[in-house]
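Colleague: One structure is given below, represented as structure tokens, and several questions about it will come after.
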Amino acid sequence: MIKTTKTICFANNKGGSGKSTTCSNIGYALSQQGKKVLMIDGDMQLNLSLAFLSEEVVLDIAKSDKNLYVAVSKQQDLTDYIYETEYENLDIIPSSTLISGIEYELFTKWQREFIVKKCLQTIQASGIYDYILIDAPPTLGTWVINLLCASDEVIIPVEASPWGLFGLANMFEFLQAIREMAPNLMLLGIAMTKVNTNKKYFKQTQESLYLLEDTHVFENYIRIDSMIEWAQENSKPVGAYKKSARSAHEYAALAKEVDQYVHK
Ligand SMILES: Nc1ncnc2c1ncn2[C@@H]1O[C@H](COP(=O)(O)OP(=O)(O)OP(=O)(O)O)[C@@H](O)[C@H]1O
Ligand SMILES: [Mg+2]
Numbered sequence: 002m003i004k005t006t007k008t009i010c011f012a013n014n015k016g017g018s019g020k021s022t023t024c025s026n027i028g029y030a031l032s033q034q035g036k037k038v039l040m041i042d043g044d045m046q047l048n049l050s051l052a053f054l055s056e057e058v059v060l061d062i063a064k065s066d067k068n069l070y071v072a073v074s075k076q077q078d079l080t081d082y083i084y085e086t087e088y089e090n091l092d093i094i095p096s097s098t099l100i101s102g103i104e105y106e107l108f109t110k111w112q113r114e115f116i117v118k119k120c121l122q123t124i125q126a127s128g129i130y131d132y133i134l135i136d137a138p139p140t141l142g143t144w145v146i147n148l149l150c151a152s153d154e155v156i157i158p159v160e161a162s163p164w165g166l167f168g169l170a171n172m173f174e175f176l177q178a179i180r181e182m183a184p185n186l187m188l189l190g191i192a193m194t195k196v197n198t199n200k201k202y203f204k205q206t207q208e209s210l211y212l213l214e215d216t217h218v219f220e221n222y223i224r225i226d227s228m229i230e231w232a233q234e235n236s237k238p239v240g241a242y243k244k245s246a247r248s249a250h251e252y253a254a255l256a257k258e259v260d261q262y263v264h265k
């Protein structure tokens with residue numbers, strides 16, 4: 002049966018807001034829930050790749066001719082750049098540190114905002130995957146525009162901290178501005194991460210987010226959990242590292258909510 006593939010980009014110009022952690026753990030949770038998932042690492046920091054593959058493997062791939070950077074700079078079909086992970090239903094296209102120079106390379110290209118979209122077209126049309134999840138870097142430029150133009154939906158992870166909402170207005174303005182290029186791009190919602198429910202600013206962040214018009218805030222939020230860092234140190238999603246971890250349950254619940262809420 003041909004599936005409708007949904008492509009979701011995890012973006013927020015605020016650094017350290019939980020994009021890579023949320024993208025990798027929702028990807029793993031969806032795959033465990035029987036969905037076929039392709040993860041794409043759009044960041045030169047290689048964090049999404051490191052969430053599934055060892056540092057040695059990630060660095061080898063980054064230097065090889067089979068990674069996202071090579072595909073995009075040669076404008077090739079991304080089908081040939083997919084790696085399997087050790088998990089069923091979960092594949093990945095790793096990145097390269099050279100992605101840091103991609104904006105400069107794209108600058109002279111015809112229709113430069115749509116290059117990733119073109120490279121992804123065959124995979125999306127094939128319907129092999131239920132979800133393609135893209136991890137974006139903490140920037141707002143031509144490269145992130147490329148990642149968003151290739152996506153159907155955006156999830157904005159927001160850290161529930163005093164500065165967590167800082168820059169969110171810029172993010173909304175940015176999304177609004179690129180709607181002309183990507184008219185079908187939808188904001189799926191805001192996911193709260195690194196939550197400490199005992200802190201006053203958690204409630205403040207939650208209340209401020211609820212006040213935003215036309216913006217869904219996911220009910221399931223992710224609390225601070227040191228197991229996440231242990232799992233990342235071992236190149237594993239938290240659910241694979243410790244199935245009983247609190248954050249593994251929270252990410253599984255958030256993944257279910259995303260799957261229910263996605264614009265089908
Ligand atoms: N729920 C959590 N509990 C504890 N630590 C967390 C949690 N979520 C994320 N972290 C840690 O917070 C840091 C930032 O998270 P992450 O790398 O996912 O953010 P990011 O938005 O992708 O960052 P960047 O903007 O640099 O790409 C990481 O060190 C990660 O291990
Ligand atoms: Mg990241």
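Numbering (my numbering), first residue to last: 2 to 265.
C-beta atoms are modelled at their ideal positions from N, C-alpha and C, and glycine is treated no differently.
Note that the coordinates shown come from a computational prediction; the quantities given were computed from them, not determined experimentally.
From the DSSP output, in three-state form, read off residue 53 for me.
Modeller: If DSSP states are grouped into helix, strand and coil, residue 53 belongs with coil.
Colleague: Measure the beta-carbon distance from residue 88 to residue 130 and round it to whole angstroms, keeping in mind my assumption that it falls under 8 Å.
Modeller: Actually they do not touch by this definition, with Cβ atoms about 14 Å apart.
Colleague: Any heavy atom of ligand 1 inside 7 Å of the beta-carbon of residue 245?
Modeller: No, Cβ of residue 245 sits at least 7 Å from all heavy atoms of ligand 1.
Colleague: Tell me where the beta strand (DSSP E) around residue 7 begins and ends.
Modeller: Per DSSP, residue 7 belongs to the beta strand (DSSP E) from 7-11.
Colleague: Report buried or exposed for residue 92, applying the criterion of at least 16 other Cβ atoms within 10 angstroms of its Cβ.
Modeller: Buried, by the Cβ-count rule.
Colleague: Would you list the residues whose beta-carbon is nearer than 5 Å to any heavy atom of ligand 2, in the order they occur in the chain?
Modeller: Any residue whose Cβ sits closer than 5 Å to a heavy atom of ligand 2 makes the list: 20, 21 and 48.
Colleague: Within this structure, are the beta carbons of residue 5 and residue 165 separated by less than 8 Å?
Modeller: Cβ distance not < 8 Å, so residue 5 and residue 165 don't count as in contact.
Colleague: Indicate the three-state DSSP secondary structure (helix, strand or coil) for residue 166 in the structure shown.
Modeller: Residue 166 falls in the coil class under three-state DSSP.
Colleague: Tell me, to the nearest whole angstrom, how far the beta carbon of residue 43 is from that of residue 148; I am working on the premise that it is less than 8 Å.
Modeller: That belief holds up - the Cβ atoms of residue 43 and residue 148 are roughly 5 Å apart, short of 8 Å.
Colleague: Would you check whether ligand 1 has a heavy atom nearer than 7 Å to the C-beta of residue 46?
Modeller: Yes, Cβ of residue 46 sits closer than 7 Å to a heavy atom of ligand 1.
Colleague: Taking the alpha-carbon of residue 33 as reference, which of 253, 258, 261 and 163 has the nearest alpha-carbon?
Modeller: When only C-alpha atoms are compared, the closest one is 253.
Colleague: Curious, which full-length alpha helix (DSSP H) runs of at least 4 residues does the region 7-47 contain?
Modeller: Fully enclosed alpha helix (DSSP H) runs of 4 or longer: 20-33.
Colleague: What do you get for residue 203, buried or exposed, if any count of 16 or more other CB atoms within 10 angstroms of its CB means buried?
Modeller: Classification of residue 203: buried, given that the 10 Å Cβ count is 16 or more.
Colleague: Does the region 239-247 touch the region 189-199, meaning 3 or more C-beta pairs lie closer than 8 Å?
Modeller: The region 189-199 is not in contact with the region 239-247.
Colleague: Give every residue of the same chain whose Cβ lies closer than 7 Å to the Cβ of residue 251, excluding the five residues on either side of it in the sequence, and list them in chain order.
Modeller: The answer, listed in chain order, is 221, 223 and 224.
Colleague: Return the CA-CA distance between residue 98 and residue 215, expressed in angstroms with no decimal places.
Modeller: In a straight line, the C-alpha of residue 98 is about 36 Å away from that of residue 215.
Colleague: With distances taken from CA atoms, which of 52, 191, 112 and 178 is nearest residue 213?
Modeller: Among 52, 191, 112 and 178, the Cα nearest to that of residue 213 belongs to 191.
Colleague: Based on Cα-Cα distance, which residue from 227, 209 and 24 lies nearest to residue 163?
Modeller: Taking only the C-alpha atoms, the option nearest residue 163 is 209.
Colleague: Should residue 206 be listed as close to ligand 1, given that the test is whether its C-beta is under 7 Å from any heavy atom?
Modeller: Incorrect: residue 206 has no Cβ contact closer than 7 Å to ligand 1.
Colleague: Just the C-alpha distance for residue 79 and residue 228, rounded to the nearest angstrom, thanks.
Modeller: So the two alpha carbons sit approximately 33 Å from each other.
Colleague: Can you name the start and end residues of the beta strand (DSSP E) that residue 194 belongs to?
Modeller: Where residue 194 is concerned, the enclosing beta strand (DSSP E) stretches over 187-194.
Colleague: Would you mind giving the Cβ-Cβ distance between residue 21 and residue 63, rounded to the nearest angstrom? I have them listed as a contact below 8 Å.
Modeller: Not quite, the Cβ-Cβ distance comes to about 15 Å (not below 8 Å), so this is no contact.
Colleague: Does ligand 1 have even one heavy atom less than 7 Å from the beta-carbon of residue 171?
Modeller: False, no ligand heavy atom lies under 7 Å from that Cβ.
Colleague: Rank 86, 119 and 137 by C-alpha distance to the C-alpha of residue 101 and give the top, closest one.
Modeller: Cα-wise, what sits closest to residue 101 is 137.
Colleague: Return the first residue and the last residue of the beta strand (DSSP E) that residue 100 is part of.
Modeller: That residue, residue 100, is in no beta strand (DSSP E); it is neither H nor E in DSSP.
Colleague: For residue 55, which residues of its own chain have a beta-carbon under 6 Å away from its beta-carbon, when the five flanking residues on both sides are left out?
Modeller: Cβ neighbours of residue 55 beyond the five flanking positions: 236.
Colleague: Buried or exposed: residue 158, going by 16 or more other Cβ atoms within 10 Å of its Cβ?
Modeller: Per the 10 Å Cβ criterion, buried.
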